[in-house]
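What follows is a short report on a single structure.
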Amino acid sequence: MPPLMQQILRLRGELLWVLAGHAAAFLGGLVGIKLLTRQLGASEYGHLALGLTIAGFLTTFLHNPLSNAAARFYAPYRDCGKENLYFFVLRSLHTKLLLLLILPVMVGSLLVYMAKGSVWGGLVLWGLVFGMISGVGVSFLAWQNAARDRRNATLAQIGDVWLRIGCAIFAAIFWGSGSAALGGYCVGSFLVVLWQYRMFRGQQQQQSRVAVVPQEEQVSQAQHEFVTFVLPFVGYALFTVVTLYADRWVLQLAAGTASVGIYAALFQIAASPVNLLFAIINQLMVPIIYERAGTMTSSAQRLEVRRLIMRIMLFAVICSGTGTVLTALLGRPVALLLTTTEFTRHSDLLWMLVLGLSLWQVGQLMALVGICANRPGIYLWPKAIHAFVLLGVGGYLVVSYGVNGMAAALIIASVAYLVAVGVVNFRLERLLRIN
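Note that numbering that gives the first Met the number 0 has the sequence shown beginning at 0, numbered continuously upward.
See below:
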């Protein structure tokens, strides 16, 4: 069979696994929204949403940057015959990170409990624990996707969504609070991470039998390479946190927990198809982009990467535009199907949220140009612009228009981010041509 045909068949098989995983995760997410909104109501669902932002805060600052390194460096280390070193360093960094976090998490949760009571103390504790657990899972999933182990990545993805939702619903039925549901999230994700860790250790031990034990100097150099790559992501994590989670806290301060619950539920409904589309793109195509990029030192590599990213962006824009129009037409019946009448009164938010989220995700695809060139730090100021616009415009519009104002602010901030990333990419291309 010709090599091209073999590659097409392999990609078709990978695509089927990716689609199956994301379809199951998509369905699980919608089932979770329906059952949890019915069981908890707007106020307690708002507490759950705020607890998830606490988890996201931890994951965004620490684990997501490390997962980017896990995805970026697997292929280069494998191609150089240093896969064993890759596994050793990734495990070592995660172990150090978890040991560093345990005491601050316990002390911080206790202080919040003493100052704000059991509701907020529980949210902080379970939120941080969920962030620690799910963060490790994110790195494992990044490794599996980088290795193009689509089957196990899909099983982990499906298991995480359904176990997490199942445990959360069980906890919500018996204890009836957002904190309890968040604890259920922790249990479900922990079971999946245990399975992922077993797969990771199996691969590491297999490599250890055929490879030379890494020397201390090699380990030190590899850790330095990982950390150097990760630091820019940590640097603009503050702006990413604002991008992803500040809207809930602005609403909490301006309108109360019930408004947070309504906004969060509709946001999840809007985000489900958007995240499905871009997760499939990222899971299937980003590892291929990284492979094509290689060291990103030749003009041919840069041209190939740029063309591939442009084709992916065109596909994403067409799908996003279609989704926005459909959501504008069908928003109310969709909201009624997936939530309760308490949430459906604000169904006009859905198309605005789909548009804002899609624009931001397209900007993320554009940023792959700099990431492939190992210069993720150049996107610091576009992240900052998005964060400041979202906070400033959102804070102003929420006072006058409530939850609808925050959705409008999301669109405005995403447009600003797109423009800023485009400017950065233009400057980067000029710099690479000169060098």
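Cβ atoms here follow ideal geometry from the backbone N, Cα and C, with glycine treated the same way. Please read all numbers here as calculations on a predicted model, not as lab measurements.
Check, Outcome
"Integer Cβ distance of residue 377 from residue 416, believed to fall under 8 Å", "About 14 Å separates the two Cβ atoms, so there is no contact after all."
"Inter-residue spacing [alpha-carbon to alpha-carbon] between residue 59 and residue 226", "15 Å"
"For residue 437, the three-state DSSP class (helix, strand or coil)", "The displayed coordinates of the chain run from 0 to 434. Any statement about residue 437 would go beyond what the structure contains."
"C-alpha distance - residue 261 paired with residue 84, whole-angstrom precision", "47 Å"
"Three CB pairs or more closer than 8 Å across the segment 101 to 121 and the segment 31 to 42", "no"
"Simplified DSSP assignment, three categories, for residue 318", "helix"
"Proximity to residue 120 [Cα-Cα], best of 133, 105, 152 and 130", "105"
"Classification of residue 79 by the beta-carbon crowding that lies within 10 angstroms, buried from 16 upward", "exposed"
"Same chain, Cβ closer than 8 Å to residue 3, neighbours up to 5 away in sequence not counted", "Low confidence applies here, because residue 3 scores a pLDDT of 40, under 50, leaving its location unreliable and the question unanswered by this model."
"Coil, strand or helix - residue 79 by DSSP", "coil"
"Which of helix, strand or coil DSSP assigns to residue 144", "helix"
"Among 26, 124, 192 and 29, nearest to residue 93 - alpha-carbon criterion", "192"
"Endpoints, the alpha helix (DSSP H) within which residue 254 is located", "236 to 254"
"Buried/exposed call for residue 216, threshold 16 Cβ in 10 Å", "exposed"
"Local Cβ density within 10 Å of residue 309, reported as buried at 16 or more and exposed below that", "exposed"
"Residue 41 vs residue 256 beta-carbon contact at 9 Å", "yes"
"Contact the segment 272 to 279 vs the segment 329 to 339: 3+ CB pairs below 8 Å", "no"
"Identity of the residue in 248, 289, 103 and 81 nearest residue 373 by Cα", "289"
"Reduced DSSP category for residue 262 - H, G, I as helix; E, B as strand; rest coil", "helix"
"Host alpha helix (DSSP H) of residue 159 (start-end)", "149 to 174"
"DSSP three-state assignment for residue 374, whether helix, strand or coil", "coil"
"Nearest neighbour of residue 103, chosen from 115, 113 and 128 [CA to CA]", "128"
"Cα-Cα separation, residue 7 to residue 19", "Because the pLDDT of residue 7 is 49, which lies under 50, any placement of that residue in the model is unreliable, and the number read from its coordinates should be weighed accordingly. Going from the Cα of residue 7 to the Cα of residue 19 covers about 18 Å."
"Whole-angstrom distance between residue 131 and residue 97, CA atom to CA atom", "7 Å"
"Residue 118 versus residue 418 - alpha carbon distance", "41 Å"
"Chain-order list of residues whose beta-carbon lies under 7 Å from that of residue 250 (same chain, five-residue window excluded)", "258, 259, 262, 397, 402 and 405"
"Residues near residue 244 by beta carbon distance below 6 Å, same chain, minus five either side", "52 and 55"
"Residue 196 versus residue 139 - alpha carbon distance", "7 Å"
"Backbone secondary structure at residue 214 - three-state DSSP", "coil"
"Inter-residue spacing [alpha-carbon to alpha-carbon] between residue 359 and residue 314", "15 Å"
"Backbone secondary structure at residue 385 - three-state DSSP", "helix"
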